[in-house]
Each structure stands twice: as structure tokens, then as C-alpha cells.
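Here's the structure we're looking at; comments come further down.
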Amino acid sequence: MKSNIELRDDVPIYPTILHAVKAAAEMAPDRVAFICEDKHVTYAQYERAVGGLAHALQGMGAKGGRVAIVMGNSIETSVAAMGGMAAGAQIALMNPMYTDHELAPLLADVDPVAIICSPPFADRINEQAKALGVENVIIMGVGDYALETWIDDPSLKLPEPLPKPEGKCAMFFTGGTTGLPKGAEHNHAMMELFCRVIVSLWRLDFDTERICSVAPIFHIWGHHFVNIMPIYMRATTVIIPMYKPDDVLASFENHEISVFAGGPPVIYMGLMGSEKIATTDFSKLKYCLSGGAACSEYLLKTWEEKTGCAILEGGGMSEGAPVACNPTHGERRILSIGPIPPLTEIEIVDLENGQTVMPTGERGEVRIKADTFTSSYRNRPEETAETVRDGWLYTGDIGYLDDDGYLFLVDRKKEMIMVGGFNVYPREIDEVLLGHDAIREAAAVAHPDDFSGEVVKACISLIPGQEITEQEVIDYCTERLVKYKVPKVVEILDELPKTGPAKIDKLKLRGLR
């Protein structure tokens, strides 16, 4: 089914988002582009900082190569991401809270010319760079790489010529069948088109919006709603370095926020749990955006009652966005992630071979065809061929379309676990568990959780004669995995159930049969 929504004809078309950076600096040089705590930069200053970093990266040979970025949320992170792309490099954004065990294979796969990090992570990254033979480590905010070095130098501009639309510019990591995440590759045209699609669905205003985002910039939601869409719109963006409900609510008043790119439901639940919500002025708030996990009917209703502002749900993935979005102008359908976006085609196909298109209202795997989605994973030709077939990207989500083209997601064909909006891939957890000397079998599955939606449950059996406690399993994983991947529940069984001679029955472990 194709979309019946048209792109807005009153919005600019740029070859790349970098051209939007130049346009914003020319059209609104003194407008504040980003605010983070007590720091801010205007669009003119932002272009200078991006240009300064881009020239430095080109001097390191980054053009045509890859640049890894390991940073938390800050203005410097936005400059690092945009500067890497302006240098003609492909950026690879990584979770700074990953353990060394998790970071090392990602960095090795990316094979970066340079690694950019924040000061708190400098020691770790220098060790990783040394092990990989990476000579260039940039510590943002320090010395030659402090914003103050660039923002007051009017001679600094973006390097010319700017990259071409078809050039690779970024990768976002998603789970792989080998247990290691794989990098979904994006080009400049995908990112620019994303902006035009979003402003067509969510009738956002150019030059006046004030956007707040709490999502991590290393995640596609955070990157796109902090780093590219606001710049395309010449908006002012408030970056929250670390999610604290009271700080977020204070920003609504202090910065007169009009758009809250909140992300997964756990963010909204946390805000509703703060006493401050009863006294917060939401009068400037027009739109609240949610994605990463489904909102409950209770959350949608209660948030609107408390704030007077509806949550608009959408869906995306590391491979691209949006899959679908509820529009600001038009019907919102509860529990649907919205109608098919402009220039997008979605089909529901059978679960067995993915070729038979299912009738309206019947469930199957969601496949999507749009120029906002990747056509490749870095260094993973087999997984690329499995996911992208005949121009269709197979999402692994199970859902259905109604007669009007609204998409409803009901389950996941993949075994992915959704922890507070973060994707956790069981194979990675399984391999960590199986690295323990006492564990014979391991299977990570989703376990319901009132706050995060789901948490990781580790089901294990032991090698005869070995002993281990649930807490020892958790401690072992804590040393090797980022916090949200660590099992919160551990079940030790004599033997894991099987569907066949060697296939662990994860549905039974989840209590689904």
C-alpha cells in the first residue's frame, strides 16, 4: 500500500543536511541553535565549529573514511557528528556507556581514521585506539578542540565542495545474527529526505520552534531529532545531557519548549511520576513525539490530561525512519503508529517466505520501500541480502494495515528485547553468558516490566558439578555489558526446553506456550 500523504511544497530541498547548516548560518546567524545547560551557540557559531572540526579531520585523512564518535549528549556531540559528515567521512555513533568488551568489536569493524570522544571517556578510548592502531583521537571540548577555539573565528566555513547526496555519511548499530551489532549505513540524501517527510507529517514551523530532546544522540532517534531536523527547520534545540525528570520539566518553562521529542514511553512515565508536573507550565508545548516502543492507552490519555498536549506516536529503526507517524493534522488512531509516510510503500507479507501480500487487517511481517531506508550493512553482505530483498526492507516486525493505511504493530518476528526504548539483541547476551565457565546453555528473553516495558531475563543451565547464583550471573554480565542489557531476572534450570534436538524454545521460556 502506498502513502496518500503528499510532501509539503513550501519547504526547502537541500542536496544534504550540510547545505541546511550553511543556509541556517546565512539566514539566521544570530539565532541560538543549541542550548545545553549553561552553554549555547548561535547558527553562525555552530557553522564555524563544524567547519573547524571538519578541516581538522580532513587534515587527518578522514575524507572518504570513517570517524567513530563515543560521546554523551552535548553541543560538542552535535558538532562532532556534523563535523565528521562535513569532512566527507562516514560517522559511526557509539554508546559511550558500552563496556570495553562491547566497544572493541564495533571499533574494529568500523576501522576508523579517527575516534572522537568526550573527556570522561578519553583514557578508555586512548587504550582502544592504541590496540587498534588508530593514531587520531580527538577529545572534544579540550585544547584545540574546544568550541571556544572555533566559534569566534568568522573565517571558518564548511569545507568545499560539500559531499554529494549519494555519499555515505553515517551508520547506526543494530543487532546481528553473529551476536555482534551491525552498522546500518545511511547516505546524505536519506537524512535530508527524512527532514522533509517529518515536517510534512508533523506540521512544524520553520524559524520559531523550540525543541527539547532527551534521547541519546548516538541513537537514530536522538541524532535525527537533535542533529538534523531542527537544523533543517532553523529551530532552537535544548539538549538534555542526562535524563532527569525535574530538569526536563524545568526546561519546558525556562526555554518555552514547543516540541518535545521525548522518545520511548518510559520517558513520559518518568515525567508523570515527578511531583513537578502538577506545577509545570505547558502552555507553549504544541507537540510531543514518541517512538522506540508502543505507548499504552493509559499513558496517552493521562499525559494529555495532565499537560493538555497529545503524544504523537511514530516508528522507526536503525535502518531508517520513519516507518510510520501519527500526523499533527489528521486523525490519530490509538495504538497505531500512524499512516504510511509520504514517498513510502508498506506491505504486510506472510511470515513463512515473505512473498505473499496479506489482505488488509491480516497480520504478517512489515516490509517497507522508501528512500529514507538503508540498502546495506557494513561488512555484512549475507545479512544485507536477508534484510533487503528486491528493494524491500524486511523489518522483522509483525503488524497489520487498516483500510486507511494506518499501521499497527503487534509483535516482533525477531527475538529483540525492547528495554526502555533501547534494542537488546538476545544473541549478544547469550554469548556473554556462555563465556562463563559454569554455564552450559543460555537464552536471553524478554520479561515484562512495569517501568521499562521489558527487561532482560537470562535462562541458563549449568555444567554438571558447577554452581552459580543468580546474583553472580548478574555481576558477571555487569562487567561485560551496558546497564540496560544486563539481565534483571535469572532463572537456573536443569535443562532449557527445546523445540527440536538443538533448538531452544524461547517462546516457552517467555511463557508464551
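Heads up: the sequence shown begins at 6 in this note's numbering, then just goes up one per residue. Yeah, the Cβ is synthetic: ideal placement off N, Cα and C, and Gly gets one too. In this text, all values refer to a predicted model and were calculated from it rather than measured experimentally.
In the same chain as Ala443, and ignoring 5 residues on each side of it, the C-beta atoms closer than 8 Å to its own belong to Leu467, Ile468, Gln471, Glu472 and Ile473, in chain order. Contact check for Pro327 and Pro344: beta-carbon distance about 11 Å, past the 8 Å limit, so the pair fails to qualify. Sorting Arg239, Val253 and Trp308 by C-alpha distance to the C-alpha of Ile245 places Val253 at the top. If you ignore the 5 residues before and after Pro431, its C-beta comes within less than 6 Å of the C-beta of Glu420 and Ala449, all in its own chain and listed in chain order. The stretch 251-268 makes contact with the stretch 294-303: 3 or more CB pairs, one atom from each, lie closer than 8 Å. For secondary structure counted as the beta strand (DSSP E) over 3 or more consecutive residues, the stretch 32-63 holds these complete runs in sequence order: 37-41 and 44-47. In the DSSP assignment, Asn9 falls outside any beta strand (DSSP E) and carries neither an H nor an E.
In terms of Cα proximity to Leu438, the closest of Asp395, Leu111 and Cys482 is Cys482. By the Cβ criterion, the stretch 133-145 is not in contact with the stretch 212-225, since fewer than three pairs of Cβ atoms, one from each stretch, lie closer than 8 Å. Thr365 sits in coil when the DSSP states are folded into three classes, being neither helix nor strand. Taking a C-beta distance under 9 Å as the contact criterion, Phe177 and Ile121 do not qualify as a contact pair.
Cα atoms of Gly396 and Ala375: separation of roughly 9 Å, rounded to the nearest angstrom. Your pair Ser263 and Leu290 checks out as a contact, with CB atoms roughly 6 Å apart and the cut at 8 Å.
Fully contained in the stretch 409-463 are the following alpha helix (DSSP H) runs of length 4 or more, in chain order: 431-439. DSSP places Gln360 in the coil class of the three-state scheme, outside both helix and strand. Counting along the chain, Arg201 sits inside the alpha helix (DSSP H) bounded by residues His193 to Leu206. Under the Cβ criterion (8 Å, minimum of three pairs), the stretch 227-246 counts as touching the stretch 71-85.
For the pair Pro20 and Leu163, the CB atoms are not nearer than the 9 Å cut-off. In the pairwise beta carbon analysis, the stretch 351-365 is classified as not touching the stretch 332-341: fewer than three pairs are separated by under 8 Å.
Just measuring C-alpha positions, the residue of Pro186, Leu98, Leu512 and Val424 sitting nearest Arg385 is Pro186. Annotation for Val37: His45, Thr47 and Thr241 place their beta carbon closer than 7 Å to its own, counting only its chain and skipping 5 residues before and after. Leu112 has its alpha-carbon roughly 24 Å from the corresponding atom of Ile422.
Pairwise C-beta distances place the stretch 445-464 out of contact with the stretch 399-408, as fewer than three of them are shorter than 8 Å.
Taking C-alpha positions only, Met234 is separated from Asp15 by approximately 16 Å. Beta-bridge analysis with DSSP links Cys330 to Gly319. Annotated three-state conformation of Pro221 is coil, per DSSP. Between Met90 and Arg239 the beta-carbon gap is near 18 Å, outside 8 Å, which marks them as no contact.
DSSP places Pro170 in the coil class of the three-state scheme, outside both helix and strand. Excluding five sequence positions before and after Ala447, the CB atoms of its chain that fall closer than 6 Å to its own CB belong to Asp435, Leu438, Leu439 and Ile465, given in chain order. Within the stretch 79-118, the runs of beta strand (DSSP E) at least 3 residues long that lie entirely inside it are, in chain order, 95-99.
In terms of Cβ geometry, Ala85 and Ile96 form a close pair [threshold 9 Å]. Between Leu152 and Ala54 the beta-carbon gap is near 5 Å, inside 8 Å, which marks them as a contact.
Contact check for Pro124 against Gly146 passes: the beta carbons are separated by less than 9 Å. Under the 10 Å beta carbon count, Asp286 is surrounded by fewer than 16 other beta carbons and is classified as exposed. Residue Phe199 holds the alpha-carbon nearest to the alpha-carbon of Phe230 among Asp251, Asp158 and Phe199. Gly320 and Ala329 do touch by the CB rule: their CB atoms are close to 5 Å apart, below 8 Å.
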